[in-house]
Each structure stands twice: as structure tokens, then as C-alpha cells.
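Residue numbers (the working numbering): 10 to 411. Even glycine gets a Cβ: it sits at the ideal position worked out from N, Cα and C. The structure displayed is predicted, hence computed values, not measured ones. Here's the structure, in C-alpha cells; my notes come after.
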Amino acid sequence: MANSNLKQLASATVAAALAATLISPAAQAADEVLIGASLPLSGPLAGFGLYQKWGYETAVNDLNKAGGLLVEGRKLPVRLIVRDDKTDPNVAASNTQTLITRDGVVAMLGSCTPALVNAGALVAERRKVPLVTGCAPLGAFKMVRKWQYAWALFFDEVDLSSAPFKLLADYSLATNKRLAILADNGPDGVVVGGQLWPMHAQTHGYTVVHNSSFPVDAQQFTAMIGESRAAEAEVVLVDAIPPQAMAIRKQMASAGFQPKLLVMEKGAEPEMFAQGLGKLAEGVLVGGYWDPSFPYPGAAELAKRFERETRQTQSQHIADSHAAAQVLLDAIAAAGTLDREKINAAIGRTDKSYVVGPVKFDVNHTSRIPITLMQWQGGKPVVVWPKDRANGKLIFPLPVAQ
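Here it is in C-alpha cells:
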């Protein structure tokens, strides 16, 4: 009889434990709100991950200082769990899986660039876990699938790719209209370098005299640089991650290739680009979407805080990451629950101005941020286009490499 009772008790205990594992973390009584993020804290995109981590953490810390989130009638603190995806899409996917199934996060914040963001978003989508991200060009994001749980606020590649041609026209810059394109074979490189830049070049009367696609991890660019120089390209458009963008700029200088206008998308954005190149960064243009001078709530103060706390130059990625985190936190507050479906629905109703400007998602789960062009001047990024948003004077032609 005793053995029978023990067996029944053991069976009941096992059944209870199994049942507990089947209850979603969001449905269990909670004493904190768990949010996850997989970020490139190491690898080629570590420069971006640094900014994102700070933006996410700052939004969460500020909320906690204000008392946390009201959930089911209780004020709960928010805990952000960050894992390093090492700039590897496979790790980004694995991290997202771990954050959801083992750490029990109720929602996710995204990584950076299409390869990493999309890898994590697909896992979140399968698990029906809301994910909000910046740092994901909207065209590449929308092409993956019709999203139900992933949301992106960023610029659109069509706007980005047309910007250099609009700058050339608006400033009436004199070139021979011979254009060279060097782009990696990543998702955005293929779209921007292989499709959109050639399309805009034709529209604006430019001749593409050279167009090269190279592996994301390529190191040698001397042949394509030599061909671009021999073709007398005076406008050069590059799409590459930071290490490759820096290598291309150095190899251009070594080859004596001196175009009049040099745009280096993606790779020229983080401060590590200017720090690593010194004077070679001067005059290089890169697409942008935010600056502390823009009239958005908290923009100037956010930049000052970053520079005060980190002793580094601010980057626009502190803004899109901070805004993405605030959008998610506001949605949880609006839902008033840790029910993922209700949080997801609340994200879709977002209609508010944040540090990057107005955020309102469309049917594709995207919210577009207007594009600008920034130029490295004296080790600082300066907005030079469009003219009505510029806070500095355009340097043209590209300074001679020293």
C-alpha cells in the first residue's frame, strides 16, 4: 500500500513538472518582464552591436527607474537578456531560440543587418513571439515573408540608393558621370549594388563603367579598384561591412585612385571606420537617418548621454535601437499583460513620435525613417543632405589621400 502511494505521488510529481514545462513563460506568474536580444557584440559588426546594446539598455534602465511596467495590476521591473551572436546568422537564430525556450523572454529586440535580423526574426515568427528591430533595411526585411510577429523601423533601400544621385543633382556637382559600384554579396549588397544603384544611375544619366560583387569576407580589392580607376570613374559607390569598407578605402589610396565622390554604405557608419582610417575617412559619405540636431523628442539629450557615459562619438544606431526598445516597452504597457498575442497587437497600433521621429507600422510591419547623407569631417559624422536638414557644409571633391 505504501509503495502504491509512493508511486502515485511520484507520478503526480512528474506530471506536475511536465505540465509546468508546457506552460508558456508569459502565462506563468511573473515577478519581472523578460526581454531578449541577440546582438553582434563580437565579429565584423561589433561596432554596430555596441551602439544597439547601449540603446536597448538605456531605454530599459530608464523605464525601471520610473517604476517599471504595470502588468495585470502589478508594477514589474524589466530585465533585458543580451546574447552575443558573433555576427553569425546561425548563432543569431540559436540565441533567439534559447532566449525564448530556455530564458523565457516574452518578446525580442532585433540584431543588425538583414542576415542577422532575419535569422532571429524567423525563429521568433515560428515561436509566435513579438520582435521589434531597427537596423534592418526595409526592402530586405519585407522580401523574407509576410511577417506576423516581427516589426522593423528603419530606412528603405530605394531611398538609400537614390540619395547619392539626388545629392549630386541638388548641389550641381560636376563629374564625368562615370560610375563604379563595389558591393558585397550579402542581402542588402545584392539589392543595392546589383539592382538599385544601376537603376538610379541610368535614370540620372550616369554610366556604370564597373560593377563588382565580392564575398562578404573578401580582403583583396586591388583588381576591381584598378579596373574602376582605368575606366575613369569619378563617382564610386560601395556597399560593404566595416572591415571590408576600410580595406577598400586603404587599397584605393595605395592605388592612387582618387574619385571625386565616394559613398561607402554600411561599413562607413560606425566610429570604428573613422578611427581606423584617420584622414582617409575624411570626405567619405554614408547614408544616414538620424542626428542629435533633428527636432525629435530626446534626440540631443540621447547623444549627450551616450558620449558622456561611453566617451565615444554618438552614432545613429543608438537612436533606432532606443526607439525600438521604447516601442516594445510601450506596447507591453498598453497591453497590460504578458500575453504575447496582445503585446503583438499593441505593437501594430503604435502611432507615436520617438527619438527617431514618428513611428507607425504599415501592413508590411515596417515604419520608414527618412534618409539623409552623412559625411566624415574631422572624425565626426556631419549631415550634408538634404539641404534643409544639413548641419554642415559638403566637402567636394573627395580630399586627396595623405
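**Between the CA atoms of L246 and L271 - distance to the nearest angstrom** = Looking up residue 271 in the sequence shown gives position 262. Looking up residue 246 in the sequence shown gives position 237. Near 6 Å, if we compare the C-alpha coordinates of L246 and L271.
Check your understanding: What three-state label does DSSP hand L31 in the structure shown?
Key -> In the sequence shown, counting from the first residue as 1, residue 31 sits at position 22. Its pLDDT being 39, under 50, L31 is placed unreliably in this model, and the value from its coordinates should be taken loosely. L31: helix per DSSP, three-state reduction.
Check whether the Cβ atoms of V69 and V80 sit closer than 8 Å, and answer yes or no.
By one-based count along the sequence shown, residue 69 stands at place 60. By one-based count along the sequence shown, residue 80 stands at place 71. Contact flag unset, no.
Note to self: Are the CB atoms of G52 and I90 within a distance shorter than 8 Å?
What the structure shows: Along the sequence shown, one-based indexing puts residue 90 at 81. Along the sequence shown, one-based indexing puts residue 52 at 43. Not a contact, by the Cβ cut-off of 8 Å.
Which whole-angstrom value is the C-beta distance of I341 and V42, which I expect to be below 8 Å? Translated into positions along the sequence shown, residue 341 becomes position 332. Translated into positions along the sequence shown, residue 42 becomes position 33. About 6 Å; that satisfies the 8 Å criterion.
Taking the alpha-carbon positions, what's the A354 to F223 distance?
For the purposes of this step, residue 354 is identified with residue 345 of the sequence shown, where counting begins at 1. For the purposes of this step, residue 223 is identified with residue 214 of the sequence shown, where counting begins at 1. Looking at the two C-alpha atoms, the distance is approximately 41 Å.
Next on the checklist: Please report the straight-line C-alpha distance between V372 and A128, rounded to a whole angstrom.
Outcome noted: Locating residue 372 in the sequence shown gives position 363, where the first residue counts as 1. Locating residue 128 in the sequence shown gives position 119, where the first residue counts as 1. So the alpha carbons of these two residues sit roughly 21 Å apart.
Check your understanding: Straight-line CA distance for Q267 to P196?
Key -> Numbered from its first residue, the sequence shown carries residue 267 at position 258. Numbered from its first residue, the sequence shown carries residue 196 at position 187. Whole-angstrom Cα-Cα distance: 28 Å.
- Task: Spell out the partners DSSP gives F223 in its beta bridges.
- Result: If you number the sequence shown from 1, residue 223 lands on position 214. Paired residue(s): D193.
*Excluding the 5 residues preceding and the 5 following K84 in the sequence, name in chain order all residues of the same chain whose CB lies nearer than 6 Å to its CB.*
Stepping through the sequence shown from its first residue, residue 84 is reached at position 75. Closer than 6 Å at the Cβ level, and outside the excluded window around K84, lie G76 and G77.
Original post:
By Cβ distance below 8 Å, which residues in the same chain neighbour G265 in space, the five residues on each side in sequence not counted?
Top reply: Within the sequence shown, numbered from 1, the residue matching residue 265 stands at position 256. Closer than 8 Å at Cβ, skipping near neighbours: R238.
Own chain residues within Cβ distance below 6 Å of G388, not counting five before or after:
As a working mapping, residue 388 is identified with position 379 in the sequence shown. For G388, where only same-chain residues beyond five positions count, the Cβ hits under 6 Å are A283.
For A36, which residues in the same chain have their Cβ closer than 8 Å to its Cβ, ignoring the five residues on either side in sequence?
Numbered from 1 along the sequence shown, position 27 holds the residue referred to as residue 36. Note that A36 scores 42 on pLDDT, short of 50, meaning its location in the model is unreliable and no value can be drawn from it.
key: Contacts around A277, its chain only, beta-carbon distance under 6 Å, and the 5 residues preceding and following it disregarded   = As a working note, residue 277 is residue 268 in the sequence shown. So the qualifying residues of the chain are A254, V293 and V295.
* To do: Put K155 into one of helix, strand or coil per three-state DSSP.
  => Within the sequence shown, numbered from 1, the residue matching residue 155 stands at position 146. In this structure, K155 counts as coil in the three-state DSSP scheme.
task: My understanding is that W394 touches T375, with C-beta atoms under 8 Å, so please give their C-beta distance in whole angstroms.
output: The residue given as residue 394 occupies position 385 in the sequence shown. The residue given as residue 375 occupies position 366 in the sequence shown. Actually they do not touch by this definition, with Cβ atoms about 23 Å apart.
At what residue ranges does the segment 222-307 contain a whole run of the alpha helix (DSSP H), taking only runs of 4 or more? 231-239, 251-263 and 280-286
| request: Identify every residue that forms a DSSP beta bridge with I44. | output: Taking the sequence shown and counting its residues from 1, one reaches residue 44 at position 35. For I44, which the question treats as bridged, DSSP gives the partners L89 and A116.
- Nearest CA to the CA of C144: which residue from A124, W156 and D168? As a position in the sequence shown, residue 144 is number 135, starting the count at 1. Checked all of A124, W156 and D168; the closest Cα to C144 is A124.
Worksheet entry | Check whether V225 and D193 have beta carbons under 8 Å apart | Within the sequence shown, residue 225 is the residue found at index 216, counting from 1. Within the sequence shown, residue 193 is the residue found at index 184, counting from 1. Contact flag set, yes.
What's the C-alpha gap between P304 and H331?
-> Position 295 of the sequence shown holds residue 304. Position 322 of the sequence shown holds residue 331. Cα to Cα, the separation comes out at about 16 Å.
Got a sec, what are the start and stop residues for the alpha helix (DSSP H) D179 sits in? Counted from its first residue, the sequence shown places residue 179 at position 170. E166 to D179 is the span of the alpha helix (DSSP H), which, as asked, contains D179.
Have a look at N104 and Q386 and give me their C-alpha separation to the nearest angstrom. Within the sequence shown, the letter at position 95 stands for residue 104. Within the sequence shown, the letter at position 377 stands for residue 386. For N104 and Q386, the distance between alpha carbons rounds to 38 Å.
Taking L182 as the reference, which of A159, I404 and R135 has the closest Cα?
The residue you call residue 182 lines up with position 173 of the sequence shown. Of the listed residues, the one whose Cα sits closest to L182 is I404.
State the start and end residues of the unbroken beta strand (DSSP E) segment that holds D360.
The residue you call residue 360 lines up with position 351 of the sequence shown. Counting along the chain, the beta strand (DSSP E) containing D360 begins and ends at D360 to Y363.
_Cross-strand partners of M208 (DSSP beta bridge)_ = Position 199 of the sequence shown, counted from the start, is the residue given in the question as residue 208. DSSP, once it has assigned bridges, lists no residue as partnering M208.
Helix, strand or coil at V80 according to DSSP, with G and I counted as helix: As a position in the sequence shown, residue 80 is number 71, starting the count at 1. It is a strand residue.
Check: For A161, which beta-bridge partners are listed by DSSP?
Finding: Position 152 of the sequence shown, counting from 1, holds the residue named residue 161. T142 and T375, per the DSSP bridge assignment.
### Message
Please classify R317 as buried or exposed, where buried requires at least 16 other C-beta atoms within 10 Å of its C-beta.
### Response
Translated into positions along the sequence shown, residue 317 becomes position 308. By the neighbour-count rule (16 or more Cβ atoms within 10 Å), R317 is not buried but exposed.
task: Check each candidate in S324, K275 and A343 and name the one with the smallest Cα separation from K62.
output: As a position in the sequence shown, residue 62 is number 53, starting the count at 1. The option with the nearest alpha carbon to K62 is S324.
Notebook entry, point to check: Which same chain residues, not among the five before or five after A199, have their C-beta less than 8 Å away from its C-beta?
Noted result: As a position in the sequence shown, residue 199 is number 190, starting the count at 1. The question names Ala, but residue 199 is Val in the sequence shown. If we look at V199 and ignore the five residues flanking it on each side, its Cβ neighbours are A192 and S222.
>> Given this structure, state the Cα-to-Cα distance separating I109 from P139, to the nearest angstrom.
In response: Against the sequence shown, residue 109 aligns to sequence position 100. Against the sequence shown, residue 139 aligns to sequence position 130. Straight-line Cα distance between these residues: approximately 11 Å.
* To do: Please go through the same chain and pick out, in chain order, the residues whose beta-carbon is closer than 7 Å to the beta-carbon of Y158, but skip the five residues on each side of it.
  => If you number the sequence shown from 1, residue 158 lands on position 149. A133, E134, K137, V138, P139, L140 and N353.
**Prompt:** Is L403 helix, strand or coil when you go by DSSP?
**Reply:** Here residue 403 refers to the residue found at position 394 of the sequence shown. Three-state result, L403: coil.
- Task: Please name the residue, chosen from A189, Y363, R92 and A39, that lies closest to E310 on a Cα-to-Cα basis.
- Result: Here residue 310 refers to the residue found at position 301 of the sequence shown. For the residues A189, Y363, R92 and A39, the minimum Cα distance to E310 belongs to Y363.
Would V392 pass as a contact of R398 if the rule is Cβ separation under 8 Å?
For the purposes of this step, residue 392 is taken as the residue at position 383 of the sequence shown. For the purposes of this step, residue 398 is taken as the residue at position 389 of the sequence shown. Contact: yes.
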